[in-house]
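Read in order, the letters of the sequence shown correspond to residues 0 to 409 in numbering that gives the first Met the number 0. Every residue, glycine too, gets a C-beta built ideally from N, C-alpha and C. Read through the structure below, which is laid out as C-alpha cells, and then see the notes.
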Amino acid sequence: MRAASITVDEANGTESGAARAQVRDSLQSALNGVDLIPDIIFAFYGEDHDGTDIARTLHERHPHAAILGGSSTGGILDQNGLHGPGSIGVLMVSDPQGDFGVAARPLGDDPATAAQEALHAALLAADCTSELPDLIWTFQTPGQEEEILCGLKQIVGDRCPIIGGSSGDSTLSGKWSQICGGEAMSDAIVVCALFPSQMLGIGFQGTSEPGFANCQELRGAGGRITRIEEGERGRTILEIDGQPAGPLYNSWIGGALTPLLETGGSIVAESSMTPLAVLRGGQTGSPRCCLVHPCRLRPDGALTTFADVIEGEEIYCVRRNPELLIRRAGRVSQQAAQQIAETRPVAALMTLCGGTYMGSKDKLSGLSETIKEQIGDLPILACFTFGEQGPVQGVNKHGNLMISAVLFGS
Numbered sequence: 000m001r002a003a004s005i006t007v008d009e010a011n012g013t014e015s016g017a018a019r020a021q022v023r024d025s026l027q028s029a030l031n032g033v034d035l036i037p038d039i040i041f042a043f044y045g046e047d048h049d050g051t052d053i054a055r056t057l058h059e060r061h062p063h064a065a066i067l068g069g070s071s072t073g074g075i076l077d078q079n080g081l082h083g084p085g086s087i088g089v090l091m092v093s094d095p096q097g098d099f100g101v102a103a104r105p106l107g108d109d110p111a112t113a114a115q116e117a118l119h120a121a122l123l124a125a126d127c128t129s130e131l132p133d134l135i136w137t138f139q140t141p142g143q144e145e146e147i148l149c150g151l152k153q154i155v156g157d158r159c160p161i162i163g164g165s166s167g168d169s170t171l172s173g174k175w176s177q178i179c180g181g182e183a184m185s186d187a188i189v190v191c192a193l194f195p196s197q198m199l200g201i202g203f204q205g206t207s208e209p210g211f212a213n214c215q216e217l218r219g220a221g222g223r224i225t226r227i228e229e230g231e232r233g234r235t236i237l238e239i240d241g242q243p244a245g246p247l248y249n250s251w252i253g254g255a256l257t258p259l260l261e262t263g264g265s266i267v268a269e270s271s272m273t274p275l276a277v278l279r280g281g282q283t284g285s286p287r288c289c290l291v292h293p294c295r296l297r298p299d300g301a302l303t304t305f306a307d308v309i310e311g312e313e314i315y316c317v318r319r320n321p322e323l324l325i326r327r328a329g330r331v332s333q334q335a336a337q338q339i340a341e342t343r344p345v346a347a348l349m350t351l352c353g354g355t356y357m358g359s360k361d362k363l364s365g366l367s368e369t370i371k372e373q374i375g376d377l378p379i380l381a382c383f384t385f386g387e388q389g390p391v392q393g394v395n396k397h398g399n400l401m402i403s404a405v406l407f408g409s
C-alpha cells in the first residue's frame with residue numbers, strides 16, 4: 000500500500016469562469032506530479048470552490064478510483080499545517096490488492112433508506128456484495144445523521160466501524176457539498192465501503208475535559224430538557240427546567256450571546272468552547288459524555304444543535320480549551336496507531352470539528368505537529384465537519400466536537 004497527498008491553495012472567489020479554470024488547471028497540474036495510481040481518493044475543499052469541477056478533474060485523471068469527499072469548514076489540514084478557505088486537499092491511496100466502492104444517494108424524505116441504498120451500491124461497486132467491510136466511511140449533509148446511522152446499522156449493526164463527518168461551510172448558510180465519483184451534490188449521503196489489503200487503525204474521541212462522566216463539578220451549569228420542538232427527540236431545544244433554552248444557556252456561558260437574544264443567529268463559533276453535553280451509556284452500560292454543539296439561537300429563545308437530544312434527559316455545559324483540543328488530536332492519532340503497531344502507517348485521514356475551527360483557528364497552529372509526533376511524517380488529510388461519526392465503546396455513534404483518525408497500514 001502506498002499513499003500521497005496534494006494541497007492546492009487558490010484565492011477565494013471562484014465564481015468567474017477564469018477563476019474556475021485556474022483552479023482546475025492547478026489541481027490537474029498537482030495530480031500530474033504524483034507518481035501513483037490510486038484506488039481510493041478523498042478530497043476536501045473550502046465551500047467557495049465548485050465541487051463539480053473538483054470531482055470531474057479527479058475522475059478524469061483517475062477514472063477507476065473510488066472518489067469521495069466534499070466541502071470542509073474554512074479549508075483543510077494536511078501534514079504541513081492549516082490551509083485556508085481557498086484550499087483543496089486530496090489524499091490518494093494505492094492498494095491494488097484491496098477493494099473499494101463508493102456510492103451516493105439524495106437524502107430525500109427517508110435518510111435511513113437512502114443510506115442503505117448507498118451502502119448496497121458501494122458494496123456492489125467494490126464487488127463485495129456479501130461481505131462485511133473493514134470500514135464504512137460516510138460524508139453527508141448535516142441534519143439527519145442519526146437517521147443515516149440507524150439505516151446503516153440495520154444492515155451491519157456495530158460489527159464494523161462507521162466513521163465519517165458532515166459537510167461544513169464557514170457561515171452555516173448551507174453552502175456545503177458532497178462529491179462521489181465525478182459528481183457533486185448538495186443534499187446527499189456518500190458511503191464508501193473499504194476492504195483494504197492491509198490493516199486499518201481507527202481512533203474516535205471527544206474533546207471535552209477529562210472526568211466529565213462524574214458531572215459533579217458541572218451540575219450548577221445544567222438542567223433537564225423539558226421541551227423539544229420536534230416531540231420527544233430532536234435538535235431544537237425549547238425549554239430547559241421550564242425556562243427558554245437560549246437565554247438560560249447564555250447565562251451559563253457568561254452572557255456571550257446577549258447581542259443575539261433579540262435577533263437570533265448562528266452561534267457555532269461562540270459556543271465551540273462551551274458546548275452542551277449529555278451522559279449516555281455505551282455497550283458496557285457505563286455512562287459516556289456525548290457532546291452537543293449549539294449552532295443557532297432563535298429570537299423566540301429556542302436553541303438548535305448539531306445532534307439530537309431527548310426530552311427529559313439532563314444536559315450540562317462543558318468548558319474546553321484549544322490546548323486540550325490539540326493534545327486530543329494527538330491521542331486520537333495514537334489510538335489509531337496502536338491498532339496497527341506491527342505495521343508502518345502510510346497515510347492518515349481525519350475529521351475535526353468545524354465549529355472548533357471557526358472558534359479557535361488562530362490557536363490551532365500546532366495541530367499537524369502534534370499529530371505527526373504520534374504517527375510520523377506521512378501524508379495527512381483532515382476535513383472540518385459539522386458533526387462526526389465513529390465507534391464509542393463498540394457502538395457507532397453520531398456526535399459533535401469529536402475527532403476521528405483512520406490510518407492506512409503498509
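Outcome for residue i when other beta-carbon atoms lying within 10 angstroms are tallied against a minimum of 16
i, result
"R327", "buried"
"S70", "buried"
"P95", "exposed"
"I262", "Checking the sequence shown, residue 262 turns out to be Thr, not Ile. T262 comes out exposed."
"G107", "exposed"
"G180", "buried"
"T128", "exposed"
"I36", "exposed"
"P258", "exposed"
"R234", "buried"
"T63", "Thr is not the amino acid found at residue 63; the sequence shown has His there. Burial call: exposed."
"E59", "exposed"
"E372", "exposed"
Cα-Cα separation between residue i and residue j, rounded to whole angstroms
i, j, result
"S409", "E145", "33 Å"
"D49", "E313", "42 Å"
"L118", "F203", "22 Å"
"L380", "S169", "19 Å"
"F305", "G386", "6 Å"
"G264", "L296", "5 Å"
"N320", "A65", "37 Å"
"A347", "N395", "20 Å"
"A20", "S166", "24 Å"
"I5", "A404", "19 Å"
"I239", "E229", "15 Å"
"S270", "N31", "42 Å"
"G300", "H61", "50 Å"
"A3", "L278", "40 Å"
"H82", "T225", "42 Å"
"V308", "G241", "16 Å"
"P141", "W175", "9 Å"
"H397", "C289", "9 Å"
"T56", "R23", "7 Å"
"P160", "I201", "8 Å"
"L26", "V7", "6 Å"
"A102", "P84", "27 Å"
"P344", "Q139", "27 Å"
DSSP beta-bridge partners of residue i
i, result
"D52", "DSSP output for D52 lists no bridge partner at all."
"Y248", "Paired residue(s): none; Y248 is not in a bridge."
"M349", "A381 and A404"
"T304", "P293"
"L67", "F41 and C179"
"D8", "S86"
"M91", "A3 and I40"
"T342", "None; T342 has no bridge partner."
"N395", "P390"
"D77", "G80 and L380"
"Y356", "Partner(s): none; Y356 has no beta bridge."
"T137", "G163 and V190"
"L199", "F407"
CB contact check: residue i to chain B, cutoff 8 Å
i, result
"I75", "Judged by its chain identifiers, the structure shown contains no chain B, having just a single protein chain."
Whole-number beta carbon distance between residue j and residue i, since they are thought to touch under 8 Å
i, j, result
"F194", "A125", "6 Å"
"L406", "A335", "5 Å"
"P410", "I147", "Any property of residue 410 remains undetermined from this structure, which presents the chain solely from 0 to 409."
"L151", "A114", "5 Å"
"G311", "I370", "The Cβ separation is near 39 Å, so there is no contact."
"P293", "L275", "6 Å"
Proximity of residue i and residue j at Cβ, strictly below 8 Å
i, j, result
"F383", "G358", "no"
"I154", "V190", "no"
"T137", "I188", "yes"
"I178", "F99", "no"
"V267", "L171", "yes"
"A413", "A121", "Examination of residue 413 is not possible in this model, given that the chain is present from 0 through 409 alone."
"G73", "G45", "yes"
"G88", "S364", "no"
"L323", "T355", "no"
"D157", "G393", "yes"
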